[in-house]
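A.B. asks: Chains as they are written, first to last, in this note's numbering: chain A, 715 to 1205; chain E, 715 to 1205. For each residue, glycine too, the CB sits at the ideal point set by N, CA and C.
Protein chains: 2
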Amino acid sequence: RQCRNLAHFLVEDWCLSAVLGISMAFCSVGMDYWIEHLQQWHVTLYKYAQDISDHAAFGAWTGYVLVLVLASTIFVHYVAPQAIGSGIPEVKTIMRGVMLKEYVTFRTLISKMVGLTLSLGSGLPIGKEGPFIHVAATVGTLISKLTSSCNKGVYANESRYSEMLATACAVGVSCTFSAPVGGVLFSIEVTAVHFAVRNYWRAFFAAACSAIVFRLLRIFLQQTDTAVVAFYQTNFPQESFFPEELPIFALLGIICGFLGAFYIIVHRKISLFVKNNDLFKKIFKANLLVYPVAVTMLVTSLTYPSGYGKLIAGHLKFRDVLQDFFGSCSWHKTPGSDSDSLTCKRDLLDHWTGGANGDISIFITLLCFIVTFFLLSLICTTLPVPCGIFMPVFVIGAATGRLLGESVAILFPEGIRGIEDTQIYPGVYAIVGAAALSGACTHTVSVAVIVFELTGQITYMLPVLIAILFSNAICTYLQPSIYDSTIKMKR
Amino acid sequence: RQCRNLAHFLVEDWCLSAVLGISMAFCSVGMDYWIEHLQQWHVTLYKYAQDISDHAAFGAWTGYVLVLVLASTIFVHYVAPQAIGSGIPEVKTIMRGVMLKEYVTFRTLISKMVGLTLSLGSGLPIGKEGPFIHVAATVGTLISKLTSSCNKGVYANESRYSEMLATACAVGVSCTFSAPVGGVLFSIEVTAVHFAVRNYWRAFFAAACSAIVFRLLRIFLQQTDTAVVAFYQTNFPQESFFPEELPIFALLGIICGFLGAFYIIVHRKISLFVKNNDLFKKIFKANLLVYPVAVTMLVTSLTYPSGYGKLIAGHLKFRDVLQDFFGSCSWHKTPGSDSDSLTCKRDLLDHWTGGANGDISIFITLLCFIVTFFLLSLICTTLPVPCGIFMPVFVIGAATGRLLGESVAILFPEGIRGIEDTQIYPGVYAIVGAAALSGACTHTVSVAVIVFELTGQITYMLPVLIAILFSNAICTYLQPSIYDSTIKMKR
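(1) Tell me where the alpha helix (DSSP H) around His769/A begins and ends.
(2) Going by alpha carbons, who is nearest to Ser862/E out of Leu730/E, Ser954/E and Lys989/E?
(3) Is Ile802/A close to chain B, meaning its C-beta is less than 8 Å from at least one C-beta of that chain?
(4) Assign Pro1100/E to one of three DSSP states: helix, strand, or coil.
(5) Are there 16 or more other CB atoms within 10 angstroms of the CB of Tyr792/E, so buried, or fewer, so exposed?
(6) With distances taken Cα to Cα, identify the nearest neighbour of Ile798/A among Met809/A, Val781/A, Thr831/A and Leu780/A.
(7) Report, in whole angstroms, the separation of the C-beta atoms of Pro894/E and Ala925/E, which I expect to be a contact under 8 Å.
(8) Just how far apart, CA to CA, sit Ala1027/E and Phe1040/E?
(9) How about Thr1014/E: is its Cβ closer than 7 Å to a heavy atom in the ligand FAD?
(10) Within 8 Å (strictly less), CB to CB, does Glu1128/A reach chain E?
(11) Can you give me the C-alpha to C-alpha distance between Tyr869/A and Phe900/E, rounded to a whole angstrom?
(12) So, with DSSP's three-state summary, where would you put Gln936/E?
(13) If contact means a Cβ-Cβ distance below 9 Å, which residues of the segment 1012 to 1045 of chain A contact chain E?
(14) Which chain A residues sit within Cβ distance under 8 Å of Val1163/E?
(15) Count the other CB atoms within 10 Å of the CB of Gly811/A; is the residue buried (16 or more) or exposed (fewer)?
(16) Straight-line CA distance for Ser1044/E to Met1203/A?
(17) If we ignore side chains and look at the alpha-carbon of each, how far apart do Lys815/E and Ile1164/A end up?
(18) Helix, strand or coil: which one does DSSP assign to Thr1173/E?
(19) Just to confirm, are Val965/A and Tyr747/A a CB contact at a threshold of 8 Å?
(20) Going by beta-carbon coordinates alone, are Gly829/E and His756/E separated by less than 8 Å?
(21) Can you tell me whether Leu1063/A is buried or exposed, with buried defined as 16 or more other CB within 10 angstroms of its CB?
(22) Relative to chain E, which residues along the segment 753 to 767 of chain A have a C-beta separation below 8 Å, given in chain order?
(23) Quick one, which of Pro1194/E, Met738/E and Ile1172/E has its alpha-carbon nearest Tyr946/A's?
(24) Distance check for Ile1182/A and Gly1021/A, CA to CA, integer angstroms please.
(25) So which of Lys761/A, Val743/A, Phe918/A and Val853/A has the shortest CA-CA distance to Ala1162/E?
(26) Does His908/A come out as helix, strand or coil in the three-state DSSP assignment?
(27) Please check the pair Cys923/E and Ile736/E, which I expect to be a contact at CB under 8 Å, by giving their CB distance rounded to whole angstroms.
(28) In angstroms with no decimal places, state the Cα-to-Cα distance between Asn1186/A and Ala882/A.
(29) Any idea what DSSP makes of Val733/E, helix, strand or coil?
(30) Among Gly1111/A, Thr1156/A and Gly1153/A, which residue has its Cα nearest to the Cα of Gly1141/A?
(31) Anything in chain E within Cβ reach of Thr1173/A, meaning under 7 Å, just list it in chain order.
(32) Any idea if Phe820/E is buried or exposed, counting beta-carbon neighbours within 10 angstroms, 16 or more meaning buried?
(33) From which residue to which residue does the alpha helix (DSSP H) around Tyr977/E run?
(34) Ends of the alpha helix (DSSP H) at Ala1149/E?
(35) By how many angstroms is the C-alpha of Ala771/E removed from the C-alpha of Tyr762/E?
(36) Could you give the residue range of the alpha helix (DSSP H) that holds Gly835/E?
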């Protein structure tokens, strides 16, 4: 009898974890598919309209985003307004024992998934990770409810439910970035206070299932990928940095720590302003749609590729921007002047010098990019649509790192040692910056692991760890994490 | 006042973690330095003796090991016999609240460090990891005692001590393999039941300090290394496996799961036999040195390079063996027949075909290697010297993986898809096998992360995770972990 119990337990336990992981992978790939298509259609529409007139182009550029954002706002508002925002603060609250029932219903799930697809598809500077943790937590809750109604014994009690929730969070991160190990660790750091080691293994299993199915599905959908590579595969050589550069990475960590704290402060200020300012309320809260329209207009006019958008690579989505940042070439070198492996291709440089054969300094465009998206991403988090904060922070961090890296590369054109074949790789700085800033804002160290899995390389382990520890220490000292800050505001 | 308290706390807390990490890195590099030299002298002495006569060669080969093992035995016996064995079971017991005081004294520390250097320097098939966790725990205890005697407030209470201990364990693994992230996770899985997330960060900091200092010191000592590379840096291309191979990796995981369970059973049988058999006791327990002499004679006659050692690459140390296993070339291809990038160099093949231009099949030598070291490593764990179990298991797993990988490569000579440029990399199988078997024996998933950090590559994340989950599931179901098994026996 004991043996049968054990088998029963194993099968149920394992199967449920696997089902959770695999179903979330399908969700994630399906949503990614639609988001990508929606974003592509935006660019296609814009290009068609460009042939007609400049005004039509701006109309198409703005109108498309406007339609999607408003659709998302209305859908979320009428189906389940609990889907608004990141969701990580709510999941964290539930995991601490306060049951927010309406946040984990089937209705919220649908609202969050559709709303997120629409809002991300519009190309606003928002992220997928936080909402996806919420989606996973909801799916986990539904699965455990389903089984507890079929079978009274399993998942009836509360501790089992909280285990399921922890697993779900891991799965959520895992299939956003296809980063199973980092996913498990990140979800522990973000949501848990104490952690039982025996759960660890279940979370790992579910996350691995999820990541495997996610990658296989992506191979299946994108016929070009023949092998199983990482999400943002990088191609740095093994000797991409030298011990002498470690202090510079530490400096980058310190900069990102202060920047992260500043981001959290501004986030709180903006959120409180939107919530409490009377004039603001009078103007924007009269109608549900006024505020989204205003914000969308702001974003699209800033990113409009023929205007200010030239300075901030406005026509690129976060995905493409990251690919540029993490590239192994140095942007400040002009192709043709000297052709080595570190010189970028012309079309990459066109993104960051103000269009084809533009001659704006990459330092100006990078600075504009950082400042603009710093503000835009914060404003967008106040929209009444599902939106995460991780990805924007990650991208801003990457830009900061790239900026510092290019400066260092100009200071030491022959590499830090002055020998011909030991050049500076600004791409490594971009990766380190991305990890450091997102680690600072979320108060997590495991972003390091996510970065390794996301880029498929681990050669820059030491720089990433150094920077992340410094940025974390500073930001932890100055401010609560961005999730805790949100929880405090909602009280 | 609160501010001053906080600063005080931060400085003390941070400084202590850093001091722990850095001092352990110095210990580790220092010990590695001596171990490497001791092992090199063994080979040098053997080569000198070979010029005299065969008998002298065997005498030198055996005598050198005998001297070191006996020195280690005697030193440990008279200074502190608590240093015998791995130490992980004891640390685990202490972390659960049972204070084994005599296991964490300065005397034990000296005994363990000197004993371990001698026993590893002799080249016996034993590991460094377990004892090093014990060393780190002892150093951590001493540091916290030192500070609590200077300053009554900090580290006086028990919970602070247990935090320090958890940090120390992470540092121990981190500076054995220079794997900070994997070290933190492995130490959590092996020693803890519940884990407070706020400790995590302290452990990370100490482990990162340790890994950084460890790598920098190694660069400083070995003038050849210019950049910061991993311990066993591998060089696989990004497309080193295909989704079609994933089931084979799962099979490897299943094989390793059963092999791991078998290893634990045999380990228990041998340990109990040594402990309880009357005849054995009469023969070997009469004198302290009889048993070490017998075991050493057994090991050296089996590994003697001109005898049976030909079949098991007896003249190689574990370090070199792993380098061979993890190489990106295929052993079964004879150099000269067709020269592509996957053909091994002649001198690598000489290790595994029975000496220069030998023609023994690599399948026979691999099988002999696995069986021989399976038994030898288990017998060596019963020696009264400090000795770990992780490294032997890791190597045996790598050999198993290499064996399966070479078989697959022969079955699919043109790669799994039959296209010219998609060949099988048996080295990837070796890495997966190593992770799967060591994960199974220790019941840990985080060995995966250690492997990524150890090899400096993360492209084979999915195969490693799949195999490790399968092997873990099987071994967890069949047997307790090798550490728990040891704890049970000692009761």
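C.D. replies: Here's the rundown:
(1) DSSP places His769/A in the uninterrupted alpha helix (DSSP H) bounded by Asp768 to Val793.
(2) Across the set Leu730/E, Ser954/E and Lys989/E, the C-alpha of Leu730/E shows the shortest separation from the C-alpha of Ser862/E.
(3) No chain B is present in this structure, whose protein chains are A and E.
(4) In the structure shown, Pro1100/E sits in a strand (DSSP, three-state: E or B).
(5) Classification for Tyr792/E: exposed.
(6) Ranked by Cα distance from Ile798/A, the options Met809/A, Val781/A, Thr831/A and Leu780/A are led by Thr831/A.
(7) About 4 Å; that satisfies the 8 Å criterion.
(8) Approximately 15 Å between the Cα atoms of the pair.
(9) Inclusion of the ligand FAD in the displayed structure is not the case, the ligand content being empty and no account of it being possible.
(10) Output row for Glu1128/A: interface = no.
(11) Low per-residue confidence applies at Tyr869/A: pLDDT is 44, beneath 50, and the placement is therefore not dependable, though the value from the model is reported in the following sentence. One C-alpha to the other measures close to 29 Å.
(12) Per DSSP, reduced to three states, the secondary structure at Gln936/E is coil, with no helix or strand assignment.
(13) Residues of the segment 1012 to 1045 of chain A that bring their beta carbon within less than 9 Å of a beta carbon in chain E are absent altogether.
(14) Simply Val895 and Val1163.
(15) Around the beta-carbon of Gly811/A, fewer than 16 other beta-carbon atoms lie within 10 Å, marking it exposed.
(16) So the two alpha carbons sit approximately 60 Å from each other.
(17) If I take the Cα positions, the gap works out to 40 Å.
(18) Annotated three-state conformation of Thr1173/E is coil, per DSSP.
(19) According to the sequence shown, residue 965/A is Leu rather than Val. No, Cβ-Cβ distance for Leu965/A and Tyr747/A is not below 8 Å.
(20) For Gly829/E and His756/E, no; Cβs fall outside 8 Å.
(21) Leu1063/A is classed as buried because its beta carbon has at least 16 other beta carbons within 10 Å across all chains shown.
(22) Listed in sequence order: no entries.
(23) Checking every option, the nearest Cα to that of Tyr946/A belongs to Ile1172/E.
(24) CA-to-CA, the gap between Gly1021/A and Ile1182/A works out to about 36 Å.
(25) Nearest option by C-alpha distance: Phe918/A.
(26) For His908/A, the secondary structure class from DSSP, reduced to helix, strand or coil, is strand.
(27) Between Ile736/E and Cys923/E the Cβ distance is about 6 Å, and since that is below 8 Å, they are a contact.
(28) Taking the straight line from one Cα to the other gives about 25 Å.
(29) Here DSSP, grouped into helix, strand and coil, assigns Val733/E to helix.
(30) Gly1141/A has its Cα closest to that of Gly1111/A, out of Gly1111/A, Thr1156/A and Gly1153/A.
(31) Chain-ordered, the chain E residues with CB closer than 7 Å to the CB of Thr1173/A read Gly1170.
(32) Burial call: exposed.
(33) Note, Tyr977/E: alpha helix (DSSP H), Leu960 to Asn990.
(34) Following the DSSP letters along the chain, one finds Ala1149/E inside the alpha helix (DSSP H) bounded by residues Pro1140 to Thr1156.
(35) Whole-angstrom Cα-Cα distance: 8 Å.
(36) Taken as a continuous stretch (DSSP letters only), the alpha helix (DSSP H) holding Gly835/E covers Phe820 to Gly835.
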